[in-house]
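Number 1437 in the working numbering belongs to position 52 of the sequence shown; there are no gaps in the numbering. Glycine included, C-beta positions come from ideal geometry on N, C-alpha and C. These figures come from a predicted structure and were not determined experimentally. Here the structure comes first, spelled out in structure tokens, and everything after it is commentary.
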Amino acid sequence: MLQRHDLEGEFPEYRGKLASIRATNENFRTLEGEYAALDKEILTAEENGLPITDEHFAALKRRRLAMKEQLEGMLKAWQPA
């Protein structure tokens, strides 16, 4: 079964911080939007068997992982004002 990689599911321990950081950190919101769009692109390719090379598909997944790690770092470092 294919799985979405939304931040609530990926980081349940940060659910309380997510709403606050989204409301106050434009950089986080921008990166999260890019992450969500990339996740959707990956899921669409998987679900529909889109013609994509294995190398390109792996590159998309690596990019998603890098973005996820960056978002996690922002969540860990974030302190409410």
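Helix, strand or coil for residue i, going by three-state DSSP, please let me know.
i, result
"His1441", "helix"
"Ala1466", "coil"
"Pro1436", "coil"
"Arg1448", "helix"
What span of residues does the alpha helix (DSSP H) with residue i cover, start to end?
i, result
"Asp1424", "Glu1411 to Asn1433"
"Glu1467", "Residue 1467 is absent from the structure shown; the chain starts at 1386 and stops at 1466."
Short of 7 Å in beta carbon distance, which residues of its chain neighbour residue i, apart from the five on each side in sequence? Order them along the chain.
i, result
"Glu1457", "Phe1396"
"Lys1402", "Leu1460 and Trp1463"
Among the residues of its own chain, which have a CB less than 8 Å from the CB of residue i, if the five just before and after it don't count?
i, result
"Arg1448", "Leu1423"
| Using 8 Å as the threshold, is the region 1408-1415 in touch with the region 1432-1450, meaning 3 or more CB pairs across them? | no
| the region 1449-1461 contacting the region 1417-1424, beta-carbon criterion three pairs below 8 Å | yes
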